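Undergrad: Pasting in a structure now, in structure tokens, and then I'll have a few things to ask.
Below, the structure written as structure tokens:
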């Protein structure tokens, strides 16, 4: 059995017809996967409904239970007003042999504008509940097929916290089967209690072009100084191999750093190969000074 | 910060070894479209999780593992358990003299549980070492040995029964 028959089977196996498009599919996938890391998770197939429902229900109970308490804590603080800060609202930790998750949910505290505060905090909670839910479903999935490694790490960093500005970045790092790093920022004006969006900083939409051009220059300059720094930009990477960076999104991730400078952030794989990680560009204020609405936030 | 070489190495490797991994995917799903899908998704997964590849020396088994898991995922989700084999076989019949014996053997293979079939494919068709098979399937070496033995046993029994039934 082990001899001839198996040889025959192997021969047959080796003769599996190779479709002509394989090479194309492989190259295309390599190209796309470098570029579209983030969207790619949508490729996921639909999971068994029952599993998700169970996981969702569990999280929901947590959410509902804690929200009123949270709301009450806020109401109890007598001197809210000016003390706007970020605190850790909730942590989920899963630590099993091959699965680990750490999900930290931030919460903005101390705004008098409760609408703004609540909408931000609800967003944070909802995002993380979804993350938890997806993670649990994936674990269940993996366990059924007999194991695997999976990890998710989500949390937040305070980029800037001064008299005027509070910039909070929330990140999600997935490891194992689908790894990616995603950063999202919220920047608040603590005095006026408003959420600062990228378009709101500028007089009109010219900023997209101006900032994009500056970033492209920076990318090329960095590459020239150190050839290991690769960006998917004309002059560094060949066209056709990957989609090159053209311009930022109108709502591109950004924050304002402690030096009052505008920082544009790109997720892993958004404009550069994965080893470059999350990349950021500080935009020199003189480049955008003409089109800024005011010099109030960015100096 | 990781050097670019690992990513580059993965790319070269995948391009070079694409047929191998296609065949492996095909052995699970038995049709070209699905096998291509699996190759595609495996590449997505590999690039995305390149950070989990600690040592470039493991690239081969690491990628095998992604392909196997993706294929198993696919099978579970599409629930395509019964596969029509005849049509596929006719595709390479010109190189075959006694198709009947192969058919029996093929059927016997199909009857094996997936975990056993994977081992046969990896060990005998892809010529991996027992240790490598264990790594790909994320089980220990002894389990591989036991399953391999049992798989061969089952195959032999299956063939014998079929022959006796004729």
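Chains as they are written, first to last, in the numbering used here: chain C, 1 to 299; chain G, 1001 to 1166.
For glycine and all other residues, C-beta sits at the position ideal for the given N, C-alpha and C.
Keep in mind it's a predicted model, so treat the numbers as computed, not measured.
Determine the direct distance from the alpha carbon of residue 9 (chain C) to that of residue 1106 (chain G), and round the result to whole angstroms.
TA: Numbered from its first residue, the second chain carries residue 1106 (chain G) at position 106. Numbered from its first residue, the first chain carries residue 9 (chain C) at position 9. Rounded to whole angstroms, residue 1106 (chain G) to residue 9 (chain C) spans 7 Å at the Cα level.
Undergrad: Counting only C-beta atoms, is residue 155 (chain C) closer than 8 Å to chain G at any point?
TA: What you label residue 155 (chain C) is simply residue 155 of the first chain in a count that begins at 1. Judged by the 8 Å Cβ criterion, residue 155 (chain C) is not in contact with chain G.
Undergrad: At a threshold of 7 Å, does residue 1033 (chain G) count as lining the ligand NAP (C-beta to nearest heavy atom)?
TA: For the ligand NAP, the structure offers nothing, since it holds no ligand at all.
Undergrad: Could you compute how far the alpha carbon of residue 119 (chain C) sits from the alpha carbon of residue 103 (chain C)?
TA: Mapped onto the first chain, residue 119 (chain C) falls at position 119. Mapped onto the first chain, residue 103 (chain C) falls at position 103. So the two alpha carbons sit approximately 20 Å from each other.
Undergrad: Can you look up residue 245 (chain C) in the DSSP assignment and give me helix, strand or coil?
TA: Here residue 245 (chain C) refers to the residue found at position 245 of the first chain. Residue 245 (chain C): coil per DSSP, three-state reduction.
Undergrad: According to the Cβ coordinates, are residue 1039 (chain G) and residue 1064 (chain G) closer than 8 Å?
TA: The sequence position of residue 1039 (chain G) within the second chain is 39, counting from 1. The sequence position of residue 1064 (chain G) within the second chain is 64, counting from 1. Their beta carbons are not under 8 Å apart, which means residue 1039 (chain G) does not touch residue 1064 (chain G) by this criterion.
Undergrad: Starting from the Cα of residue 1123 (chain G), find the closest Cα among C:13, C:272 and C:174 and give me that residue.
TA: As a first step, residue 1123 (chain G) is located in the second chain; it is residue number 123 there, counting from the start. Ranking C:13, C:272 and C:174 by Cα distance to residue 1123 (chain G) puts C:13 first.
Undergrad: Is it buried or exposed for residue 93 (chain C), if we count other Cβ within 10 angstroms and need 16 for buried?
TA: Indexing the first chain from 1 puts residue 93 (chain C) at position 93. With fewer than 16 Cβ atoms within 10 Å of its Cβ, residue 93 (chain C) is classed as exposed.
Undergrad: Which residues in chain G have a C-beta closer than 7 Å to the C-beta of residue 139 (chain C)? List them in chain order.
TA: Residue mapping note: residue 139 (chain C) aligns to position 139 of the first chain, counting from 1. In chain order: nothing, as chain G lies at least about 14 Å away.
Undergrad: Residue 23 (chain C) touches chain G at which residues, Cβ-Cβ below 7 Å?
TA: Translated into positions along the first chain, residue 23 (chain C) becomes position 23. Ordered by position in chain G, the residues that pass the 7 Å Cβ test against residue 23 (chain C) are 1018.
Undergrad: Could you check which residue in G:1033, G:1144, G:1136 and G:1141 has the C-alpha nearest to that of residue 1053 (chain G)?
TA: Position 53 of the second chain holds residue 1053 (chain G). Considering only alpha carbons, the answer is G:1136.
Undergrad: Taking the alpha-carbon positions, what's the residue 235 (chain C) to residue 31 (chain C) distance?
TA: Stepping through the first chain from its first residue, residue 235 (chain C) is reached at position 235. Stepping through the first chain from its first residue, residue 31 (chain C) is reached at position 31. Roughly 18 Å between the two C-alpha positions.
Undergrad: List, in order along the chain, the chain G residues whose C-beta lies closer than 7 Å to that of residue 18 (chain C)?
TA: Here residue 18 (chain C) corresponds to residue number 18 of the first chain, with the count starting at 1. Chain G residues near residue 18 (chain C): 1019 and 1022.
Undergrad: So that I know if they touch, is there some Cβ in chain G lying closer than 8 Å to that of residue 244 (chain C)?
TA: One-based indexing of the first chain puts residue 244 (chain C) at position 244. No, residue 244 (chain C) does not count as interfacial toward chain G.
Undergrad: With respect to the beta strand (DSSP E) encompassing residue 1130 (chain G), which residues constitute its N-terminal and C-terminal limits?
TA: Working through the second chain from its first residue, we reach residue 1130 (chain G) at position 130. Run containing residue 1130 (chain G): none in the beta strand (DSSP E); it sits in the alpha helix (DSSP H), 1130–1137.
Undergrad: Might you give, ordered along the chain, the residues of its own chain that have their beta carbon closer than 8 Å to the beta carbon of residue 237 (chain C), omitting 5 neighbours on each side?
TA: The count along the first chain starts at 1 and reaches residue 237 (chain C) at position 237. Same-chain partners within the cutoff: 230, 231 and 244.
Undergrad: For residue 311 (chain C), which three-state DSSP category applies?
TA: For chain C, the structure presents residues 1 to 299; residue 311 (chain C) sits outside this window and is missing.
Undergrad: Among residues of its own chain, excluding the 5 on either side of residue 16 (chain C), which ones have a beta-carbon nearer than 8 Å to its beta-carbon?
TA: Numbered from its first residue, the first chain carries residue 16 (chain C) at position 16. If we look at residue 16 (chain C) and ignore the five residues flanking it on each side, it has no Cβ neighbours.
Undergrad: Can you tell which of G:1030, G:1027 and G:1117 has its C-alpha closest to the C-alpha of residue 1154 (chain G)?
TA: For the purposes of this step, residue 1154 (chain G) is taken as residue 154 along the second chain, with counting starting at 1. When each option's Cα is compared against that of residue 1154 (chain G), the closest is G:1117.
Undergrad: Ends of the beta strand (DSSP E) at residue 161 (chain C)?
TA: Your numbering for residue 161 (chain C) matches position 161 in the first chain. Counting along the chain, the beta strand (DSSP E) containing residue 161 (chain C) begins and ends at 150–161.
Undergrad: Would you check if there are 3 or more beta carbon pairs closer than 8 Å linking the stretch 1005–1019 of chain G to the stretch 286–294 of chain C?
TA: Taking 8 Å as the limit for Cβ pairs, the verdict is that the stretch 286–294 of chain C does not touch the stretch 1005–1019 of chain G.
Undergrad: Counting beta carbon pairs with one atom in the stretch 245–261 of chain C and one in the stretch 182–198 of chain C, are three or more of them shorter than 8 Å?
TA: Contact between the stretch 182–198 of chain C and the stretch 245–261 of chain C is present, because at least three Cβ pairs lie under 8 Å.
Undergrad: In chain C, which residues lie with their C-beta within 8 Å of the C-beta of residue 1026 (chain G)?
TA: Position 26 of the second chain, counting from 1, holds the residue named residue 1026 (chain G). Under the 8 Å cutoff, chain C gives 16.
Undergrad: Taking the straight line between their C-alpha atoms, what separation do you get for residue 285 (chain C) and residue 210 (chain C)?
TA: Position 285 of the first chain, counting from 1, holds the residue named residue 285 (chain C). Position 210 of the first chain, counting from 1, holds the residue named residue 210 (chain C). Cα to Cα, the separation comes out at about 11 Å.
Undergrad: Quick one: Cα of residue 124 (chain C) to Cα of residue 199 (chain C), how far?
TA: Indexing the first chain from 1 puts residue 124 (chain C) at position 124. Indexing the first chain from 1 puts residue 199 (chain C) at position 199. Approximately 22 Å between the Cα atoms of the pair.
Undergrad: Can you tell which of C:225, C:249 and C:175 has its C-alpha closest to the C-alpha of residue 197 (chain C)?
TA: Here residue 197 (chain C) is taken as the residue at index 197 of the first chain, counted from 1. Considering only alpha carbons, the answer is C:249.
Undergrad: Here's a check: name, in chain order, each residue in its chain whose Cβ is nearer than 7 Å to the Cβ of residue 1025 (chain G), leaving out the five neighbours to either side.
TA: On the second chain, residue 1025 (chain G) is found 25 positions in, with the first residue counted as 1. Only 1035, 1038, 1039, 1067 and 1071 meet the Cβ criterion.
Undergrad: Just list the residues that DSSP pairs residue 91 (chain C) with in beta bridges.
TA: Counting from 1 along the first chain, the entry for residue 91 (chain C) is found at position 91. Per DSSP, C:104.
Undergrad: If distances are taken between C-alpha atoms only, which option among G:1049, G:1060, G:1046 and G:1028 comes closest to residue 1120 (chain G)?
TA: Locating residue 1120 (chain G) in the second chain gives position 120, where the first residue counts as 1. The residue with the shortest Cα to Cα distance from residue 1120 (chain G) is G:1028.
Undergrad: If you reduce the DSSP assignment to three classes, tell me which class residue 186 (chain C) lands in.
TA: Against the first chain, residue 186 (chain C) aligns to sequence position 186. Strand, per DSSP.
Undergrad: Run through chain G and tell me which residues come within less than 7 Å of residue 222 (chain C), C-beta to C-beta.
TA: In the first chain, the residue the question calls residue 222 (chain C) occupies position 222. In chain order: nothing, as chain G lies at least about 13 Å away.
Undergrad: Is residue 222 (chain C) buried or exposed, if buried means 16 or more other CB atoms sit within 10 Å of its CB?
TA: As a working mapping, residue 222 (chain C) is identified with position 222 in the first chain. Counting Cβ neighbours within 10 Å, residue 222 (chain C) comes out buried, since at least 16 surround it.
Undergrad: Thinking just about the alpha-carbon of each residue, which of G:1032, G:1033 and G:1048 is nearest to the one in residue 274 (chain C)?
TA: Start at 1 with the first residue of the first chain, and residue 274 (chain C) comes out as number 274. The shortest Cα separation from residue 274 (chain C) among G:1032, G:1033 and G:1048 belongs to G:1048.
Undergrad: Let me check one thing: in DSSP terms, what residues is residue 265 (chain C) bridge-paired to?
TA: Here residue 265 (chain C) corresponds to residue number 265 of the first chain, with the count starting at 1. For residue 265 (chain C), which the question treats as bridged, DSSP gives the partners C:280.
Undergrad: May I ask you to list the residues that DSSP assigns as paired with residue 1031 (chain G)?
TA: Taking the first residue of the second chain as position 1, residue 1031 (chain G) is located at position 31. Answer by DSSP bridge pairing: none, since residue 1031 (chain G) is not bridged.
Undergrad: What's the C-alpha gap between residue 135 (chain C) and residue 98 (chain C)?
TA: Counting from 1 along the first chain, the entry for residue 135 (chain C) is found at position 135. Counting from 1 along the first chain, the entry for residue 98 (chain C) is found at position 98. So the alpha carbons of these two residues sit roughly 13 Å apart.
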